[in-house]
Amino acid sequence: MKFFIDTANLDQIREAQNLGVLDGVTTNPSLMAKEGISGEENVMKHYKTICDIVDDNVSAEVISTDYEGMIAEGEKLAKIDPKIVVKVPMIKEGVRAIKYFSSKGIRTNCTLVFSAGQALLAAKAGATYVSPFVGRLDDISTDGLALIEDIRLIYDNYGYETQILAASVRHPMHIIECAKIGADVMTGPLSAITALLKHPLTDSGLAQFLADHAKAAGTQK
Ligand code: E4P
Numbered sequence: 000m001k002f003f004i005d006t007a008n009l010d011q012i013r014e015a016q017n018l019g020v021l022d023g024v025t026t027n028p029s030l031m032a033k034e035g036i037s038g039e040e041n042v043m044k045h046y047k048t049i050c051d052i053v054d055d056n057v058s059a060e061v062i063s064t065d066y067e068g069m070i071a072e073g074e075k076l077a078k079i080d081p082k083i084v085v086k087v088p089m090i091k092e093g094v095r096a097i098k099y100f101s102s103k104g105i106r107t108n109c110t111l112v113f114s115a116g117q118a119l120l121a122a123k124a125g126a127t128y129v130s131p132f133v134g135r136l137d138d139i140s141t142d143g144l145a146l147i148e149d150i151r152l153i154y155d156n157y158g159y160e161t162q163i164l165a166a167s168v169r170h171p172m173h174i175i176e177c178a179k180i181g182a183d184v185m186t187g188p189l190s191a192i193t194a195l196l197k198h199p200l201t202d203s204g205l206a207q208f209l210a211d212h213a214k215a216a217g218t219q220k
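Okay, here's the thing in structure tokens:
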């Protein structure tokens, strides 16, 4: 399972990269705005900085909603660095744009996916990744993980190569459940990734080992 971090914050990206388990980064216009990044030049520069930190898979989202605009923007984004994956929203023009990018060998991440039908369309258009938003479905009392299960079943039925990128992951149980279902990738905040580390028996066990070691060392002449 690939781990992506869902942020545009450089310190958090560096921290996840230093942990040695990071496979990529997803951003979106809201996350860029949160970091105070605006204006085409600054946005492009920020993407380049992220690409220089991580090994691959930096999702950069188009802002245009018309076909021509998406193509122009996506081609520009893809030229920033080979690590860029063009993120395209699940709308009619987006599906056409994904088909175009796929024919040009430009990797895509189809975002804002909330139904199995949308995921099927993304796969048929040749998306590299499809991003069902688990947390946002949970927020409206709909089972986000059930959607991941449905998409896994459909993709396996037909051997679609589009990778399921479980997005809007909020906590460690989302990650574990997505891994059990067989999502190819998850993207979430640093806090969800580091929460996987934690278990009280690990902490108490380590404290005991160190105390026993110190005791033995103290009695040794
Ligand atoms: C996906 O790529 C989105 O950036 C993201 O996962 C949205 O998550 P949120 O619902 O926590 O904003």
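With the first letter of the sequence shown counted as 1, position 24 gets the number 23 in numbering that gives the first Met the number 0; the numbers rise by one all the way through. Built from N, CA and C at the ideal position, the CB exists for glycine as well. These figures come from a predicted structure and were not determined experimentally.
Collapsing the DSSP output to three states places G217 in a helix. Within the chosen limit of 7 Å, the ligand E4P does not reach the beta carbon of D54 with any heavy atom. Taking C-beta separations shorter than 6 Å and ignoring five residues to either side along the sequence, the partners of I180 in its chain run I147, E148, R151, following chain order. Residue pairing by DSSP places L164 opposite V184 in a beta bridge.
In the DSSP assignment, the residues bridged to T25 are D5, S58. According to the DSSP secondary-structure assignment, C109 is paired through a beta bridge with V87, V129. The beta carbon of M31 sits closer than 8 Å to those of A7, S37, V42, H45, all from its chain and outside the five residues before and after it, given in chain order. In this chain, the alpha helix (DSSP H) harbouring G68 covers 66-79.
DSSP, reduced to helix, strand and coil, places S203 within a helical segment of the structure shown. Judged by DSSP in its simplified three-state form, V42 adopts helix. In this structure, DSSP gives S140 a state outside helix and strand, which the three-state scheme calls coil. The beta carbons of T127 and E92 sit about 18 Å from each other, so the pair does not count as a contact at 8 Å.
In terms of CA proximity to E14, V53 leads the group V53, K47, Y159, T25. Note on geometry: alpha-carbon atoms of A194 and E67 lie some 42 Å from one another.
Counting of Cβ neighbours within 10 angstroms places I175 among the exposed residues, the total staying below 16.
Annotation for S130 indicates a beta carbon within 7 Å of some heavy atom of the ligand E4P. Going by DSSP, L120 is part of the alpha helix (DSSP H) stretching over 115-124.
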